[in-house]
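Asks:
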Amino acid sequence: MSELKTTSLYDFHLSKNAKMIDFAGWSMPFSYDGTLKEHHYVRNSAGYFDVSHMGRLRLSYSQIEEINYLICSELKNLENTKALYSIFTSEQGTAIDDVLFWKFEDDLILICNASNTNKIKSHLEINSITYEDLTLTTDLIAIQGKNAINIIDQIMTIPDKFSTYKENNYIYARTGYTGEDGVEVMIDTKDTVDFINMLETKGVKPCGLGSRDTLRLEASLPLYGFELTDDISPVEAGLKWTITNENDYLGKQIIDEQITSRNHKHLKRFKLNAKQIARTGTICRSDGVEGIVTSGNISPILGYPIGYVLFKSNPSDDLVEFDIRGNLVEGNLLYKRFLS
Amino acid sequence: MSETKYLETHEWYKVDSDSFTVGISDFAQGELGDIVFVTLPEVGQEFSKGDPIVEVEATKTVAEAYAPMDCVITEVNSNLETEPELINNDPVGDGWMVKAEIKEMDDSGMSYQQYESFIS
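First to last, the sequence lines map onto chains A and B.
Quick note on this note's numbering: the first sequence kicks off at 1 and runs consecutively.
Quick note on this note's numbering: the second sequence kicks off at 1001 and runs consecutively.
(1) Considering only the alpha carbon of each residue, which of A/Met-156, A/Ser-163, A/Glu-167, A/Gln-258 lies closest to A/Ala-237?
(2) Using only CA atoms, which one of B/Met-1110, B/Met-1069, B/Ile-1087 lies nearest to B/Glu-1057?
(3) Mapping the DSSP letters down to three states, classify A/Asn-327 as helix, strand or coil.
(4) Under 9 Å between C-beta atoms, does B/Asp-1018 make it to chain A?
(5) Is A/Asn-297 helix, strand or coil by DSSP?
(6) Apply the 10 Å Cβ neighbour rule to B/Lys-1005 and answer buried if 16 or more other Cβ atoms are within range, or exposed otherwise.
(7) Among the residues of its own chain, which have a CB less than 6 Å from the CB of A/Phe-30, if the five just before and after it don't count?
(8) Let me know the secondary structure DSSP gives A/His-123 once reduced to three states.
(9) Since A/Thr-294 and A/Asp-323 should fall inside the 8 Å C-beta cutoff, what is the C-beta to C-beta distance between them, to a whole number of angstroms?
(10) Should the stretch 172-192 of chain A be regarded as contacting the stretch 133-145 of chain A, the criterion being three or more beta carbon pairs within less than 8 Å?
(11) I'd like to know if the stretch 147-160 of chain A and the stretch 199-206 of chain A are in contact, where contact means that at least 3 CB-CB pairs between them fall below 8 Å.
(12) Answer with buried or exposed for A/Glu-246, where buried requires no fewer than 16 other C-beta atoms within 10 angstroms of its C-beta.
(13) Where does A/Asn-118 sit, in a helix, a strand or coil, going by DSSP?
(14) Helix, strand or coil: how does DSSP classify A/Trp-102 here?
(15) Give the C-beta separation of A/Tyr-308 and A/Arg-269 to the nearest angstrom, bearing in mind that I take them to be a contact with Cβ-Cβ under 8 Å.
(16) Just checking: is the beta-carbon of A/Gly-352 within a distance shorter than 9 Å of some beta-carbon in chain B?
(17) Unbroken alpha helix (DSSP H) runs of length 4 or more, entirely within the stretch 1063-1116 of chain B: which are they?
(18) In three-state DSSP terms, what is A/Ile-155?
(19) Would you list the residues sitting across from A/Thr-89 in a DSSP beta bridge?
(20) What do you get for A/Asp-50, buried or exposed, if any count of 16 or more other CB atoms within 10 angstroms of its CB means buried?
(21) Can you name, in chain order, every residue of its own chain whose Cβ lies under 6 Å from the Cβ of A/Gln-63, other than the five neighbours on each side?
(22) To be precise: take each residue of the stretch 1030-1045 of chain B, compare its Cβ to all Cβ atoms of chain A, and keep it if any distance is under 7 Å. Which residues remain?
(23) Given a cut-off of 9 Å, decide if A/Gly-34 and B/Asp-1094 are closer than it, judged by their beta-carbon atoms.
(24) Report yes or no: is there a C-beta of chain A within less than 9 Å of the C-beta of B/Val-1062?
(25) When Cβ atoms are compared, which residues of the stretch 17-41 of chain A fall closer than 7 Å to chain B?
(26) Using a cut-off of 9 Å between C-beta atoms, extract the partners of B/Glu-1083 located in chain A.
(27) Taking DSSP as the reference, what is the three-state secondary structure of A/Asn-332?
(28) Compute the distance between the beta-carbons of B/Gly-1023 and B/Glu-1011, then report whether it is under 9 Å.
(29) Counting only the same chain and skipping the five closest in sequence on each side, list residues whose C-beta sits under 8 Å from that of A/Ile-232.
(30) With a threshold of 9 Å between beta carbons, is B/Asn-1079 in contact with chain A?
(31) List the endpoints of the continuous beta strand (DSSP E) containing A/Gln-276.
(32) Among the candidates A/Asp-318, A/Ala-274, A/Asn-314, A/Tyr-304, whose CA atom is the shortest distance from the CA of A/Leu-328?
(33) Check distances from the C-beta atoms of the stretch 263-286 of chain A to those of chain B and list, in chain order, the residues that come in under 8 Å.
(34) Taking 9 Å as the cut-off, decide whether the C-beta atoms of A/Arg-43 and A/Pro-234 are in contact.
(35) Excluding sequence positions up to five away, which residues of its chain have a Cβ less than 7 Å from the Cβ of B/Lys-1060?
(36) Buried or exposed: where does A/Ile-126 fall if 16 or more other Cβ atoms within 10 Å of its Cβ makes it buried?
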């Protein structure tokens, strides 16, 4: 096994007694004070996450046409100070990765999943798109929470929601992955510890990947490798709202067919009427249609287990029976987000 | 009451004449992270050594605690139904899981010192 990569904050995490885990080839903090506590820091106040394992590529604005052809959303006609969540689609219409673009006047920052950085780099290379890899020379810190914006306002200019900004040594956007307001800041590795210490003095608490996962699930946000894969399209994952590309793009034909036929896999949200958690891989049935849980955990705010399930076709009933280690547990499909 | 012993599967148990109390170790609760739900057995249920007796759901994963010897359940810690976090906060005290009558004594668990070197 090759050695795990570490972010520039590795020693800092250890000094905070973080529980470290291996994640996509990186040694990353899973938790500091405990996943549930950290979940509540973000819902009630503010927390920061080291997400420097995520890939960061600088793209040239001059190739925006070529980039636009590889994603299902309209990037080209987007204002130059906006952030965009989109999906790199394959010829088969499935997801290569879900990513964020930060659009500026002169360049674009592409943020991809750590597990997909190499895949995205080769995909860009095959399509003759040049990039500068910033993953190892910068860090990415997400500051998220109910009070995050009030706190960050003391440090930097706050852009509008889903907008980008460059100021001093910060390149950032008002984006996140927790369902709370906040910013994600890209910063040179030499400046990160000072930045984190500044956040700490303002009461922002360190949070690990454990709470990042419970927060994103509760906020109804998909995670690549679970709700989206090389075998799942944006339509199947219920991400039709991302399909805004007005031009031709890779996989467009199949995606358009799926939108009209509805003859495809269907990802649904569920809640369980019990305390057991239906975890990834749990098999279930609804209305004779078989499904498999992609993610499942307790919702700390709602107090019951929630998750996503992928059905082979669209079940017409909202009752689901999960086989949790041999016990049949009832649940319901939800047509609204977990948190209103 | 005899000393608290530990199993390789990270349970602790403490024998008191013909019965014992069992729970999971501090190391185990730390590895599991926040415990959110516990499925306890019924009083009167019989188990053989190595059978799963308690299922522990944590935010990170699910785990089982195994019977340290052949036994019949005599009491369960019903506080865990409303406060599963007792296992995180006091695993070898208020976070105990079940008490059971010993059917066949097997006190072959590790001492705390042995367990400490086992997990390190």
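All C-beta atoms in this analysis are idealised placements derived from N, C-alpha and C, irrespective of residue type, glycine included.
Replies: Taking the coordinates as given:
(1) Position 237 of the first sequence holds residue 237 of chain A. The candidate whose alpha carbon is nearest that of A/Ala-237 is A/Gln-258.
(2) As a working note, residue 1057 of chain B is residue 57 in the second sequence. Closest option to B/Glu-1057, Cα to Cα, is B/Ile-1087.
(3) Translated into the one-based positions of the first sequence, residue 327 of chain A becomes position 327. A/Asn-327 falls in the strand class under three-state DSSP.
(4) Here residue 1018 of chain B is taken as the residue at index 18 of the second sequence, counted from 1. In terms of beta-carbon proximity, B/Asp-1018 stays away from the interface with chain A, with every pair separated by 9 Å or more.
(5) As a first step, residue 297 of chain A must be located in the first sequence, where it is residue number 297. DSSP places A/Asn-297 in strand when its eight states are reduced to three.
(6) As a first step, residue 1005 of chain B must be located in the second sequence, where it is residue number 5. Buried: at least 16 other Cβ atoms inside 10 Å.
(7) Counting from one through the first sequence, the residue named residue 30 of chain A turns up at place 30. Cβ within range, chain order: Lys-19, Ile-21, Gly-208, Leu-209, Gly-210.
(8) Numbered from 1 along the first sequence, position 123 holds the residue referred to as residue 123 of chain A. Reduced to three states, the DSSP call for A/His-123 is helix.
(9) Locating residue 294 of chain A in the first sequence gives position 294, counting from the first residue. Locating residue 323 of chain A in the first sequence gives position 323, counting from the first residue. The Cβ separation is near 16 Å, so there is no contact.
(10) Two segments are said to touch when three or more pairs of C-beta atoms, one from each, lie closer than 8 Å; by this definition the stretch 172-192 of chain A touches the stretch 133-145 of chain A.
(11) yes
(12) Locating residue 246 of chain A in the first sequence gives position 246, where the first residue counts as 1. With fewer than 16 other Cβ atoms within 10 Å, it is exposed.
(13) Here residue 118 of chain A is taken as the residue at index 118 of the first sequence, counted from 1. Helix, per DSSP.
(14) Reading the first sequence from its first residue, position 102 is the one you call residue 102 of chain A. In this structure, A/Trp-102 counts as strand in the three-state DSSP scheme.
(15) On the first sequence, position 308 is the one that residue 308 of chain A refers to. On the first sequence, position 269 is the one that residue 269 of chain A refers to. Correct: roughly 6 Å between the Cβ atoms.
(16) Absent from the model: residue 352 of chain A. The displayed extent of chain A is 1 to 340, so no value can be given.
(17) 1079-1082, 1086-1089
(18) Mapped onto the first sequence, residue 155 of chain A falls at position 155. Coil.
(19) As a working note, residue 89 of chain A is residue 89 in the first sequence. BP columns for A/Thr-89 point to A/Ala-95.
(20) Working through the first sequence from its first residue, we reach residue 50 of chain A at position 50. Answer is buried; the Cβ neighbour count reaches 16.
(21) Stepping through the first sequence from its first residue, residue 63 of chain A is reached at position 63. Once the five neighbours on either side are set aside, the close Cβ partners of A/Gln-63 are Ile-129.
(22) Contacts with chain A (Cβ-Cβ distance below 7 Å) from the stretch 1030-1045 of chain B involve Gly-1033, Asp-1034, Val-1036, Phe-1037, listed in chain order.
(23) The residue labelled residue 1094 of chain B in the question sits at position 94 within the second sequence. The residue labelled residue 34 of chain A in the question sits at position 34 within the first sequence. Taking 9 Å as the Cβ cut-off, B/Asp-1094 and A/Gly-34 do not qualify as a contacting pair.
(24) To locate residue 1062 of chain B, count along the second sequence from 1; it is residue 62. Interface with chain A (9 Å Cβ-Cβ cutoff): B/Val-1062 is included.
(25) Ser-31, Gly-34, Thr-35, Leu-36
(26) Here residue 1083 of chain B refers to the residue found at position 83 when the second sequence is read from its first residue. Neighbours of B/Glu-1083 on chain A: none; closest Cβ ~13 Å, over 9 Å.
(27) For the purposes of this step, residue 332 of chain A is identified with residue 332 of the first sequence, where counting begins at 1. Strand, per DSSP.
(28) In the second sequence, counting from the first residue as 1, residue 1023 of chain B sits at position 23. In the second sequence, counting from the first residue as 1, residue 1011 of chain B sits at position 11. Result yes, Cβ atoms of B/Gly-1023 and B/Glu-1011 sit closer than 9 Å.
(29) Counting from 1 along the first sequence, the entry for residue 232 of chain A is found at position 232. So the qualifying residues of the chain are Thr-94, Ala-95, Lys-265, Leu-267, Leu-310.
(30) As a position in the second sequence, residue 1079 of chain B is number 79, starting the count at 1. Interface annotation, B/Asn-1079: not in contact with chain A, CB-CB separation never under 9 Å.
(31) Your numbering for residue 276 of chain A matches position 276 in the first sequence. Per DSSP, A/Gln-276 belongs to no beta strand (DSSP E) and is neither H nor E.
(32) Counting from one through the first sequence, the residue named residue 328 of chain A turns up at place 328. Restricting attention to A/Asp-318, A/Ala-274, A/Asn-314, A/Tyr-304, the CA atom closest to the CA of A/Leu-328 is found in A/Ala-274.
(33) Lys-275, Gln-276, Ile-277, Arg-279
(34) Within the first sequence, numbered from 1, the residue matching residue 43 of chain A stands at position 43. Within the first sequence, numbered from 1, the residue matching residue 234 of chain A stands at position 234. No, the pair does not count as a contact, with Cβ atoms beyond the cut-off.
(35) Position 60 of the second sequence holds residue 1060 of chain B. Leu-1032, Gly-1033.
(36) Start at 1 with the first residue of the first sequence, and residue 126 of chain A comes out as number 126. Exposed, since its Cβ has fewer than 16 Cβ neighbours within 10 Å.
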